[in-house]
Amino acid sequence: MDTFEVLKKLSEASGVSGSESEVSRIIAEEFGKYVDEVRTDALGNVIGFKRGAGPSRNRIMLAAHMDEIGLIVSEIEKGFIRFSTVGGIDDRILLGQEVVVHGLKPLPGVIVTKPPHLLSPEERRKVTPRDQLFVDVGLPEEEVKSLVRVGDFISFSSKCVKLQGDMASGKAFDDRASVTALIYCLEQLSHMKHQWDVYAVATSQEEMGLRGAVVSAYGIAPDLAIAVDVGFGDSPGVSEVETIKVGKGPAVGIGPNFHPLLREALIRTAKELEIPYQIEAIPGPSGTDAWAIQVSREGVPTALLSIPLRYMHTPVETLSIKDIERTGLLLANFTSRLEKFPPE
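Sequential numbering from 1165 applies to the sequence shown in the working numbering.
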């Protein structure tokens, strides 16, 4: 598969948390190329099932969330659209962004405010507060009101672009880069024999409290789970202690959220196959799907792989395509070698 093209397709699709139908259709189509069955559950999780060759019917769940941060219409004022945020958005990045308002039809728009010439010296020194921003779609007031309702979602419209080397930039790489890694894993597994049943899950509403992971893990009841998400990539002004290195492979999480034997098995697989990897210490809640899956039902041995990502929760998230492929390769080879857990 062409990893960048899959990432581009997923990145540019709309899927604000709670409104993931557009991106979920694309994911279902991509999963369907490599799995035996695809279904969508009541909360919108896309679940691809790939039957294992073993008699035991043990289940491994591979999870990555498909939702993205975005906006929601809160008020229509004289033809201009006021909004609230869906998920964690830094107000500093909003002004000047191109967006799509998902009304009765998609409406391209821009986030704007008063021009700098009309601001006081004090206002110019501050980040423009959200209540002074609005979306302009370029239509008369009555037409806006006929097409847009309070509660309609608004997504960013950044394009996914190739940078130098194997780097790429775009929106919603958190966490569609990880969904791309799942698809890459499934493509690799289609050429391998694996004993365990595989459930690849693109989860919904992670940005609003890991909701998709909660219900999908409960429904699947896996024997093992690996969540894939993004981690803070190294960049200027950020401490090395708080980051992982872009281009050096996925990071394996270590901490109370992760099963030590599963973690060690992933590291052993990476070493044996000479797949670059890193270690990420996460002493508390990981804030990822792994946090919800671990405590599903009577508990699930869970691990986390993190793809290094710069500029998280902005429309210009940046990463290495090789890191996506290395993550998928590690997932596929670990799964194909999986027999008994915990090992004797």
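Yeah, the Cβ is synthetic: ideal placement off N, Cα and C, and Gly gets one too. These numbers come from a predicted model, not from an experiment.
(message) Is it the case that the segment 1401-1415 contacts the segment 1486-1503, given that we only count it when at least three CB pairs across the two stretches are under 8 Å?
(response) yes
(message) Along the chain, where does the beta strand (DSSP E) containing Arg1204 start, and where does it finish?
(response) Residue 1204 is actually Thr in this sequence, not Arg. Start and end: Glu1201 to Thr1204.
(message) Check whether the segment 1442-1449 and the segment 1366-1384 touch, using three or more Cβ-Cβ pairs below 8 Å as the test.
(response) no
(request) Excluding the 5 residues preceding and the 5 following Pro1506 in the sequence, name in chain order all residues of the same chain whose CB lies nearer than 7 Å to its CB. (result) Leu1425
(message) Taking contact to mean 3 or more Cβ pairs, one atom from each stretch, closer than 8 Å, check whether the segment 1251-1259 and the segment 1307-1316 are in contact.
(response) no
(request) May I ask you to list the residues that DSSP assigns as paired with Phe1505? (result) Beta-bridge pairing links Phe1505 to no other residue.
(message) Spatial neighbours of Lys1242 within its chain, please: C-beta separation below 8 Å, excluding the five flanking residues on both sides.
(response) Glu1305
(message) Using beta carbons (cut-off 7 Å, strictly below), is Gly1448 in contact with chain B?
(response) Included in the structure is just one protein chain, with no chain B present.
(request) In angstroms with no decimal places, state the Cα-to-Cα distance between Phe1195 and Tyr1475. (result) 28 Å
(request) Identify, in the order they occur along the chain, each residue of the same chain with its Cβ nearer than 7 Å to the Cβ of Trp1455, setting aside the five sequence neighbours on each side. (result) Leu1374, Asn1421 and Pro1449
(request) Report buried or exposed for Tyr1348, applying the criterion of at least 16 other Cβ atoms within 10 angstroms of its Cβ. (result) buried
(message) Helix, strand or coil for Val1301? Go by DSSP, reduced to three states.
(response) coil
(request) Tell whether a beta-carbon distance below 7 Å holds between Ala1467 and Leu1430. (result) yes
(message) In whole angstroms, give me the CA-to-CA distance for Leu1493 and Trp1360.
(response) 17 Å
(request) Grab me the residues of Ile1408's own chain with a C-beta within less than 8 Å of its C-beta, minus the 5 sequence neighbours each way, in chain order. (result) Gly1395, Phe1396, Gly1397, Asp1398, Ala1415, Gln1442, Glu1444, Ser1470 and Pro1472
(message) Need the endpoints of the alpha helix (DSSP H) that Gly1376 sits in, please.
(response) Arg1375 to Ile1384
(request) Using only alpha-carbon positions, find the residue among Leu1388, Gln1352 and Leu1235 that is nearest to Asp1512. (result) A query on residue 1512 cannot be resolved here, the shown segment of the chain reaching from 1165 to 1508 and no further.
(request) Compare the C-alpha of Gly1376 against each of Ala1177, Glu1262, Lys1335 and Leu1207 and name the closest. (result) Leu1207
(request) With a threshold of 16 other CB atoms inside 10 Å of the CB of Ser1178, please say whether the residue is buried or exposed. (result) buried
(message) Among the candidates Val1276, Ile1439, Gln1328 and Gly1260, whose CA atom is the shortest distance from the CA of Thr1478?
(response) Gly1260
(request) Return helix, strand or coil for Pro1280, following the three-state DSSP convention. (result) helix
(message) Using only the alpha-carbon positions, how far apart do Val1325 and Ile1190 sit?
(response) 19 Å
(request) With Leu1174 as the anchor, note down where its alpha helix (DSSP H) starts and where it stops. (result) Thr1167 to Glu1176
(message) Considering just the uninterrupted stretch of the beta strand (DSSP E) at Tyr1198, what are its terminal residues?
(response) Taken as a continuous stretch (DSSP letters only), Tyr1198 belongs to no beta strand (DSSP E), as it is neither H nor E.
(request) Determine which residues share a DSSP beta bridge with Lys1323 and list them. (result) DSSP, once it has assigned bridges, lists no residue as partnering Lys1323.
(request) May I have the straight-line CA-CA distance separating Asp1339 from Asp1393, to the nearest angstrom? (result) 6 Å
(message) One question on the structure: do Thr1452 and Ser1333 come within less than 7 Å of each other, judged by their Cβ atoms?
(response) no
(request) Figure out for me which residue from Pro1279, Arg1289 and Asp1316 has the closest Cα to the Cα of Glu1184. (result) Asp1316
(request) Under 7 Å Cβ to Cβ from Asp1300, same chain only, skipping five residues before and after it: list those, please. (result) Phe1244, Gly1273, Val1274 and Val1276
(request) Give every residue of the same chain whose Cβ lies closer than 8 Å to the Cβ of Leu1271, excluding the five residues on either side of it in the sequence, and list them in chain order. (result) Val1264, Val1265, Val1301, Leu1303, Leu1311 and Val1312
(message) Out of Met1225, Asp1295 and Arg1294, which one is the CA nearest neighbour of Ala1496?
(response) Met1225
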